[in-house]
Structure formats: C-alpha cells, structure tokens
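Sequential numbering of the sequence shown, starting at 238, is according to this note's numbering.
No residue lacks a Cβ here, since even glycine has one placed at the ideal position from N, Cα and C.
A quick note: this is a predicted structure, and the numbers were derived from the prediction, not measured.
Data block below; observations after.
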Amino acid sequence: MNTTAAATQANVTVATIRAWCRRGAVAAAKVAGRWVIDSVSLAARIAIGAMKGPDRQEATPVIDLTASYTFTRAGDTAPTAVTPTVKRRTTPHAGNIIKISGLAPLFADRFDAITDDGDRIHALTVFTSAIIVIGDQYDADWDDDPQAREGGQLRTTYRGGAAGISIDDVLDLAARLRTQLAA
C-alpha cells in the first residue's frame, strides 16, 4: 500500500505516514524511492491510536515546511531535492509579505499519485518555480485575477498544468499556510 492510501485509511496526513515509516511505527520498505506499507502493520498502528479513547482531540494537521521531495529530471543523472523556503519581508507600500517557494513536498501525495513518469516529472518541473505569496494588504487590482484571492493577499505564480493540481489547490494551501505561519 502506498502513503496516500495508508493516510486515507488511517485518517492522517501523508507526512504522518512517512514519519511512521521512518520511525518504524509501521512496517514499510522503500521501493524505487517510495514507501510501501504493510497493511497488517498499518491496521495494528490504527488500532493503537483508537485505544487512546474518544477524549483525544483531533489536531489541525500541520504543514511540514521542512519536508523535502527528491526526483530526477529528464536528462539529469543527479537527483534534485526540493525543500520549501519561507521568506518574510516588509515593504513600504505592500506591508508584510511572505513568499513560499519549493512547493513540491507540500503536494507530495499528489505527485506520488501520478502514475506516468513523464507527467510526474513535468508536474515537478512546473512546481520547482512556483511560488505562493501571502500579503496583508488588499489590492483591488487582484480581484479578478485567477491566480489570486482576497485582493491579492493570497496569490501564486502557478498557472496550472500539473496533472491533478489546480490553481485553487495551491491557493487553498496558501490559506492554510497563512493560518499556520500566523500562529
């Protein structure tokens, strides 16, 4: 079973599944750079979590900004590792701005679900240059831009083109990141 299916079954994030694999909380092996999880071991881990009882509060999933995603581009021999980078700055006219680049690990489950290697490499190549911008200044010029929300307070350079990932998916992630980074 792959990480996406395991996360769905366990009702946790893909990042949690990967952490369980790395820590040995579930029996898993890396095959061609991807985790293959033993379903019996996963079921046992889910049962352990269920024993903690109903008073356990569900936490809002934290987006792992230290995660990395490694892939090899067509024609390259060395793999490329992508890790999110968060940069904050204040400008005289635009207020506070947060730029997040290296988005690939934040959509790792979507990339892993792309079965065609060429489509996956294309999607990853598109995401190596995609950026999320979170600002605190409203600008009506952004109101009709499909790559922005809330008057440009949430925007992206991503224009689409990656299989299974829409501009709205990236802007939804931007909204979650804004909440997480504000905490």
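Using C-beta distances below 6 Å, list every residue in its chain close to residue i, excluding the 5 sequence neighbours before and after it, in chain order.
i, result
"residue 278", "263, 264"
"residue 394", "367, 368"
"residue 398", "363"
"residue 340", "364, 367"
"residue 324", "336"
"residue 254", "240, 243, 244"
Less than 7 Å between C-beta atoms, sequence neighbours within five positions excluded: which residues of the same chain meet that for residue i?
i, result
"residue 271", "239, 349"
"residue 408", "386, 391, 393"
"residue 342", "304, 305, 306, 319, 320, 321"
"residue 326", "334"
Classify residue i as helix, strand or coil using the three-state DSSP reduction.
i, result
"residue 351", "coil"
"residue 340", "coil"
"residue 393", "strand"
"residue 367", "coil"
"residue 400", "coil"
What residues in its chain sit with their C-beta under 8 Å from that of residue i, if we drop five residues either side in the sequence?
i, result
"residue 282", "247, 257, 262, 263"
Thinking residue i and residue j are a contact (beta carbons under 8 Å), I'd like their distance in whole angstroms, please.
i, j, result
"residue 310", "residue 274", "Actually they do not touch by this definition, with Cβ atoms about 27 Å apart."
"residue 328", "residue 298", "Not really, about 31 Å apart at Cβ, beyond 8 Å."
"residue 414", "residue 300", "6 Å"
As an exercise, report each continuous beta strand (DSSP E) stretch of at least 3 residues that is fully enclosed by the stretch 243-320, in chain order. 265-268, 271-274, 306-308, 317-319
Does the contact criterion of 3 or more C-beta pairs under 8 Å hold for the stretch 376-388 versus the stretch 346-358? no
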